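Numbers given in the working numbering equal positions in the sequence shown, counted from 1, plus 405.
Cβ atoms here follow ideal geometry from the backbone N, Cα and C, with glycine treated the same way.
The model shown is predicted, which means the values in this text are computed figures rather than measured ones.
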Amino acid sequence: MNEVNLKVPAEADNTNPRLEVTLGDITVEQVDVIVNAANSSLLGGGGVDGAIHRAAGPELLECCRTLDGCNTGDAKITPGFQLAAEWVIHTVGPIWHGGTRGEPQLLESCYRSSLARADEVGAESVAFPAISTGVYGYPVQPATAIAIGTVQSAPTRVEIVRFVCFNRETLDAYRTFLG
Ligand code: ADP
406 MNEVNLKVPA EADNTNPRLE VTLGDITVEQ VDVIVNAANS SLLGGGGVDG AIHRAAGPEL
466 LECCRTLDGC NTGDAKITPG FQLAAEWVIH TVGPIWHGGT RGEPQLLESC YRSSLARADE
526 VGAESVAFPA ISTGVYGYPV QPATAIAIGT VQSAPTRVEI VRFVCFNRET LDAYRTFLG
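The following block contains the structure:
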């Protein structure tokens, strides 16, 4: 093959990530990045956020204090400290108000922004929780459709995306959507 032909624009070698689904605790995932469903203060909370802070240790909160919060739909990155994962990406999902306040677009933005942060550090594997489907009340079925649809179509160099489900209902939804 002519070597000149190998020089292609950066975006051109993007392929869609391989998608995996598992039941369990995201804090023990052996991936480059775990994603946190945080609140906009980034100063810790319940659910997956609390679990990640407990597992990463107090340095994570100290680091998050320097980030000046995060808007809904955006994502910010920190080291993983005591986690197996090298990085934590903190994204803020929308609170469900019935679906008429831009919730689908904001949830999609969480997945896109998280993958963009992951690309910035060259991550190859990323684990996501089911963002917004806990305390924030986003119904599991439409949230799952957005999670899978967005990751399948987002421009990213991430090779493996693992959806970590914390309960059966969520696992079943992901399995159904992925066929
Ligand atoms: P949100 O405020 O975005 O709804 P939650 O943490 O309340 O965030 O819930 C998001 C999802 O994370 C829910 O499906 C919840 O069951 C799940 N979850 C809670 N703890 C963990 C954990 N340790 N690992 C993976 N998922 C978790």
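- Inclusion of V453 in the 7 Å shell around the ligand ADP follows from its C-beta lying nearer than that to a non-hydrogen atom of the ligand.
- Measuring C-alpha to C-alpha distances from T549 to each of L520, R423, S446 and I536 identifies I536 as the nearest.
- Here the distance from the Cβ of V569 to the nearest heavy atom of the ligand ADP is below 7 Å.
- Between T496 and A443 the beta-carbon gap is near 7 Å, inside 8 Å, which marks them as a contact.
- Closest option to C469, judged by alpha-carbon separation, among L488, L447, A523 and C515: L447.
- Annotation for R423: the continuous beta strand (DSSP E) segment containing it runs R423 to L428.
- Where F533 is concerned, there is no enclosing alpha helix (DSSP H), although the beta strand (DSSP E) around it starts and stops at S530 to F533.
- Per DSSP, reduced to three states, the secondary structure at I536 is coil, with no helix or strand assignment.
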